[in-house]
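These protein sequences, in sequence, are chains A and B. In terms of UniProt numbering, the first sequence has 156 at position 156, counting the first letter as 1, and numbering is strictly consecutive. In terms of UniProt numbering, the second sequence has 497 at position 497, counting the first letter as 1, and numbering is strictly consecutive. Just so you know, even glycine gets a beta-carbon here, dropped at the ideal spot from N, CA and C. For reference, the structure is listed below as structure tokens.
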Amino acid sequence: MPRVLLIEDDPSVREGVELGLRRRGHVVRTAATGEAGLAALREFRPDLLLLDLMLPGMNGVQVCRRVREDSQLPIIMLTARGDDFDVVIGLEAGADDYIVKPARTEVIEARIRAVLRRMETPGSGRPAVEFHGDLAVDRAGLTIAKSGERLALAPSEMRLLLHLTTAPEQVFSRQQLLEHVWEHSYHGDSRLVDACVRRLRNKIEDNPSSPRYIQTLRGFGYRFGPL
Amino acid sequence: MNAAPTRRVRRIATFGLRTRLVLAFLLVAAVSAGTTAALTYREARSAVLVSAQDTAVASFREQVQTLAPSLPVDPETLRELLFVLASKAKPHPWIVFAEYGSLRVSSSTRPTSSVITPELRRTALTTSHGSFQRVVKNGVPYLTIGVPVLTRTSGVGTLPTGLVLFAVMQMSEEQANVDALVTAARDGALPGLAIALVPALIAARSVLRPVRELRRAARSMGSGRLDERIKVSGSDELADLARTFNESAGQLEKSVDELQQAEARARRFASDVSHELRTPLAGMLAVTEVLDEDADGLDPDTARAVRLISAETGKLAVLVEDLMEISRFDARAAELNTDEVDVAETIGKTLLHRRWEDRVSTELPDGIRARLDPRRFDIVVANLVGNALRHGSEPVTVRLRTRTAADGASLLVVEVADSGPGIRPDVLPHIFDRFYKADAARTRSAGSGLGLAITQENVRLHGGTVHAENGPDGGAVFVIEIPLGGPTGYERDNGRNASGTDEATAGVDPSRDDTERAPA
Numbered sequence: 001m002p003r004v005l006l007i008e009d010d011p012s013v014r015e016g017v018e019l020g021l022r023r024r025g026h027v028v029r030t031a032a033t034g035e036a037g038l039a040a041l042r043e044f045r046p047d048l049l050l051l052d053l054m055l056p057g058m059n060g061v062q063v064c065r066r067v068r069e070d071s072q073l074p075i076i077m078l079t080a081r082g083d084d085f086d087v088v089i090g091l092e093a094g095a096d097d098y099i100v101k102p103a104r105t106e107v108i109e110a111r112i113r114a115v116l117r118r119m120e121t122p123g124s125g126r127p128a129v130e131f132h133g134d135l136a137v138d139r140a141g142l143t144i145a146k147s148g149e150r151l152a153l154a155p156s157e158m159r160l161l162l163h164l165t166t167a168p169e170q171v172f173s174r175q176q177l178l179e180h181v182w183e184h185s186y187h188g189d190s191r192l193v194d195a196c197v198r199r200l201r202n203k204i205e206d207n208p209s210s211p212r213y214i215q216t217l218r219g220f221g222y223r224f225g226p227l
Numbered sequence: 001m002n003a004a005p006t007r008r009v010r011r012i013a014t015f016g017l018r019t020r021l022v023l024a025f026l027l028v029a030a031v032s033a034g035t036t037a038a039l040t041y042r043e044a045r046s047a048v049l050v051s052a053q054d055t056a057v058a059s060f061r062e063q064v065q066t067l068a069p070s071l072p073v074d075p076e077t078l079r080e081l082l083f084v085l086a087s088k089a090k091p092h093p094w095i096v097f098a099e100y101g102s103l104r105v106s107s108s109t110r111p112t113s114s115v116i117t118p119e120l121r122r123t124a125l126t127t128s129h130g131s132f133q134r135v136v137k138n139g140v141p142y143l144t145i146g147v148p149v150l151t152r153t154s155g156v157g158t159l160p161t162g163l164v165l166f167a168v169m170q171m172s173e174e175q176a177n178v179d180a181l182v183t184a185a186r187d188g189a190l191p192g193l194a195i196a197l198v199p200a201l202i203a204a205r206s207v208l209r210p211v212r213e214l215r216r217a218a219r220s221m222g223s224g225r226l227d228e229r230i231k232v233s234g235s236d237e238l239a240d241l242a243r244t245f246n247e248s249a250g251q252l253e254k255s256v257d258e259l260q261q262a263e264a265r266a267r268r269f270a271s272d273v274s275h276e277l278r279t280p281l282a283g284m285l286a287v288t289e290v291l292d293e294d295a296d297g298l299d300p301d302t303a304r305a306v307r308l309i310s311a312e313t314g315k316l317a318v319l320v321e322d323l324m325e326i327s328r329f330d331a332r333a334a335e336l337n338t339d340e341v342d343v344a345e346t347i348g349k350t351l352l353h354r355r356w357e358d359r360v361s362t363e364l365p366d367g368i369r370a371r372l373d374p375r376r377f378d379i380v381v382a383n384l385v386g387n388a389l390r391h392g393s394e395p396v397t398v399r400l401r402t403r404t405a406a407d408g409a410s411l412l413v414v415e416v417a418d419s420g421p422g423i424r425p426d427v428l429p430h431i432f433d434r435f436y437k438a439d440a441a442r443t444r445s446a447g448s449g450l451g452l453a454i455t456q457e458n459v460r461l462h463g464g465t466v467h468a469e470n471g472p473d474g475g476a477v478f479v480i481e482i483p484l485g486g487p488t489g490y491e492r493d494n495g496r497n498a499s500g501t502d503e504a505t506a507g508v509d510p511s512r513d514d515t516e517r518a519p520a
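Shown next as structure tokens:
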């Protein structure tokens with residue numbers, strides 16, 4: 001079962017979420033501060049990080065940036081709705097998804113599963129490696145290389161790129177992408193898509209301000225190419 | 001009968017203050033100029049006429065008295081005498097006529113004058129000093145003087161001889177002088193009136209400027225700028241008015257400030273309370289499943305208590321979340337994250353995800369796209385449909401259409417109708433109030449009591465309206481109208497043009513890629 005590191009300063013939330021997830025079979029380690037969480041990261045080696053945004057001392061966004069410096073660990077932010085600004089900053093910093101507190105354990109677990117599942121979806125019946133311009137997409141090995149150089153993509157970025165490249169030149173609306181890539185069954189927050197596209201462009205485009213691979217179709221959504 | 005003056009007064013009152021002031025000024029100037037001119041004219045005229053006439057009368061009388069003793073009543077001699085008299089005319093030439101019984105002699109070719117009136121003849125005979133009369137004939141003014149010739153007899157004194165001499169003198173020169181006076185008076189009064197216009201306008205301006213200032217300030221205050229003040233200059237009544245206005249404005253501003261502060265405190269308190277409740281709730285909600293699952297293994301009473309806690313925790317979480325949402329609307333902190341969506345598909349998903357598709361019939365035409373915040377629109381539809389299912393009766397129908405508003409904007413119209421008893425007329429105005437309970441006896445419904453209030457706020461955030469009514473066949477109908485292009489002038493939405501003008505030109509435009517914008 002997945003190993004989850006929960007960084008949350010409030011004891012009741014920490015304990016409640018830990019209890020709920022543990023009941024569902026997750027292996028949970030908790031930390032009350034960002035610093036303690038980063039320390040636990042190295043030793044606990046979690047499959048996923050559940051990160052409260054409002055932390056004393058080092059805040060969630062800073063923790064998120066620090067983790068992203070050398071790791072593509074799936075990160076889900078815990079946030080209160082209304083902390084909209086923090087959500088955007090957190091998404092920019094590299095978080096894959098976010099959950100609004102208070103949330104039932106089943107909701108939290110569903111998001112955890114969705115984020116983790118996107119790492120386990122190999123393409124079937126396709127060539128092992130596809131080439132799109134300078135990009136080499138290896139669906140089986142889940143690696144993306146640009147001009148022969150391997151790119152470090154966060155889980156949501158990887159999943160988004162794989163989804164868009166399955167049907168080059170097809171337009172996907174943000175809501176469609178939220179459903180397929182993030183598995184949000186309800187009407188999701190389109191900023192998740194926008195932030196992820198921004199991060200992805202910064203990694204794969206030659207010039208992120210005039211994108212070639214991931215293009216915006218104003219009023220409709222995004223598509224891959226045409227190159 | 002007296003309706004006419006009233007109407008006239010009313011008509012005057014409809015003129016502007018400036019017009020009335022100027023008219024009053026001109027009236028005063030005209031009256032004073034007219035009066036002055038009239039008085040001056042009268043005095044000057046009589047001065048001119050009297051001096052000429054006195055000279056003429058005195059001179060004629062003196063001539064007559066000097067020459068009279070040598071009077072034989074012989075026409076030839078008399079005629080010569082008349083010529084002598086005529087040659088001594090003063091100040092203007094005159095013609096002399098003599099009348100004695102039936103004898104008529106004159107210094108001119110005609111023996112008698114038509115200018116001499118019978119009245120003068122009569123008084124000239126009886127008055128020893130003679131008399132005079134001003135006569136205007138054919139527009140020419142004449143002075144006629146009649147002097148009787150007297151004989152001096154010892155003992156008795158003087159006796160009229162019956163001979164009367166008349167002098168007829170044209171007064172044209174005097175008339176010309178008087179006419180010149182009239183012209184001068186008129187020429188003086190008219191420029192005077194014109195000059196009076198200048199102080200009139202200045203006075204009107206000095207009155208009107210503070211009045212205009214007052215009006216501007218009052219209007220500005222009416223539109224909510226309570227810090228508006230007028231510059232007070234001088235110490236006249238208008239300055240007093242301005243000062244009073246400023247004081248009232250200050251007090252009004254203070255009261256409104258206090259009210260706003262009180263309201264802000266109340267709202268902040270509600271927001272703070274919700275915030276504080278949310279953290280413990282987050283912990284509690286995460287463990288409700290543990291309670292539910294293990295309740296079966298407990299003794300019945302404990303199990304009931306545990307399930308109660310679990311169920312109420314869930315409701316409490318919804319309530320607190322709704323309170324937080326309302327607080328954000330109150331603090332104007334609610335953000336709209338719009339996206340271009342297919343409305344029929346969006347509504348369909350809302351129904352599908354809540355497993356309502358079997359209980360709700362829909363009329364959702366394809367192809368209607370709108371700029372919406374999908375999450376908020378989902379809440380709006382879910383609240384209305386949930387409300388219809390809970391308080392109305394099935395079948396519940398959701399209809400989607402578009403219409404063009406009076407100002408030409410395209411509106412998205414969503415109707416949610418149920419088949420229940422409808423909404424009582426006394427409840428209808430309060431249906432969107434917070435925590436409003438249509439039935440006082442009903443303690444608590446499944447909802448938080450904030451659902452419709454949140455719906456209304458969400459629709460407003462989209463620049464739209466929502467209202468409730470009773471359908472023609474009974475049953476409540478809720479109608480939402482939202483601009484298809486999103487709220488105009490709304491700038492959030494990841495920097496996209498929210499007015500929807502770019503929809504027509506949808507296409508790849510990598511050079512203007514808004515998704516690259518920084519989130520700040």
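Taking CB distances under 8 Å as the criterion, tell me whether residue i reaches chain B.
{"i": "A:A39", "result": "no"}
{"i": "A:I7", "result": "no"}
{"i": "A:G94", "result": "no"}
{"i": "A:K203", "result": "no"}
Taking only beta-carbon atoms, is residue i less than 8 Å away from chain A?
{"i": "B:L281", "result": "yes"}
{"i": "B:K315", "result": "no"}
{"i": "B:L252", "result": "no"}
{"i": "B:E263", "result": "no"}
{"i": "B:A295", "result": "no"}
{"i": "B:R278", "result": "yes"}
{"i": "B:A286", "result": "yes"}
{"i": "B:P519", "result": "Low confidence applies here, because B:P519 scores a pLDDT of 35, under 50, leaving its location unreliable; read the following figure in that light. Yes, its Cβ sits closer than 8 Å to a Cβ of chain A."}
Run through DSSP, which three-state label would residue i get?
{"i": "B:F432", "result": "coil"}
{"i": "B:N383", "result": "helix"}
{"i": "B:G192", "result": "helix"}
{"i": "B:V207", "result": "helix"}
{"i": "A:S210", "result": "coil"}
{"i": "B:R335", "result": "A small fix is needed here, since residue 335 of chain B is Glu in this sequence, not Arg. In the structure shown, B:E335 sits in coil (DSSP, three-state: anything other than H, G, I, E or B)."}
{"i": "B:E289", "result": "helix"}
{"i": "residue 530 of chain B", "result": "Because chain B in this structure spans residues 1 to 520, residue 530 of chain B falls outside the shown range and cannot be described."}
{"i": "A:D52", "result": "strand"}
{"i": "B:V232", "result": "coil"}
Whole angstroms is fine: what's the gap from residue i's alpha carbon to residue j's?
{"i": "B:E99", "j": "B:E62", "result": "18 Å"}
{"i": "B:L364", "j": "A:L21", "result": "41 Å"}
{"i": "B:E281", "j": "B:V396", "result": "Note on residue identity: the sequence assigns Leu, not Glu, to residue 281 of chain B. B:L281 and B:V396: Cα-Cα distance of roughly 34 Å."}
{"i": "B:R45", "j": "B:L241", "result": "52 Å"}
{"i": "B:L291", "j": "B:G250", "result": "59 Å"}
{"i": "A:P102", "j": "B:H275", "result": "11 Å"}
{"i": "A:G37", "j": "A:L50", "result": "10 Å"}
{"i": "A:N207", "j": "A:I214", "result": "11 Å"}
{"i": "B:I145", "j": "B:E43", "result": "23 Å"}
Between the options, which has its C-alpha nearest residue i's C-alpha?
{"i": "B:S310", "options": "B:G250, B:E321, B:L450 and B:D294", "result": "B:D294"}
{"i": "A:D97", "options": "A:T166, A:P74, A:V67 and A:L19", "result": "A:P74"}
{"i": "B:L150", "options": "B:N138, B:L143, B:G130 and B:V320", "result": "B:G130"}
{"i": "A:T105", "options": "B:G283, B:S410 and B:S248", "result": "B:G283"}
{"i": "B:S419", "options": "B:L411, B:G392, B:G139 and B:L336", "result": "B:G392"}
{"i": "A:P226", "options": "A:K146, A:G90, A:I204 and A:Q170", "result": "A:Q170"}
{"i": "B:Q261", "options": "B:S206, B:G297, B:E228 and B:A331", "result": "B:A331"}
{"i": "B:L316", "options": "B:P421, B:S448 and B:G139", "result": "B:S448"}
{"i": "B:K88", "options": "B:I195, B:F60, B:L21 and B:G485", "result": "B:F60"}
Quick one: which chain E residues come within Cβ less than 7 Å of residue i?
{"i": "B:V290", "result": "Judged by its chain identifiers, the structure shown contains no chain E, and its protein chains are A and B."}
Quiz item: What residues in the segment 354–376 of chain B have a beta carbon less than 7 Å from any beta carbon of chain A?
Solution: P374 and R375
Quiz item: What residues in the segment 334–349 of chain B bring their beta carbon closer than 9 Å to a beta carbon of chain A?
Solution: A334, E335, N337, T338, D339, E340, V341, D342, E345, T346 and K349
Self-check item: Near-chain A residues of the segment 395–427 of chain B (beta-carbon distance less than 7 Å), N- to C-terminal order
Solution: none
Quiz item: According to a CB-to-CB cut-off of less than 7 Å, which residues of the segment 378–391 of chain B neighbour chain A?
Solution: D378
Quiz item: What residues in the segment 159–191 of chain A have a beta carbon less than 8 Å from any beta carbon of chain B?
Solution: S173, R174, Q175, S185, Y186, H187, G188, D189, S190 and R191
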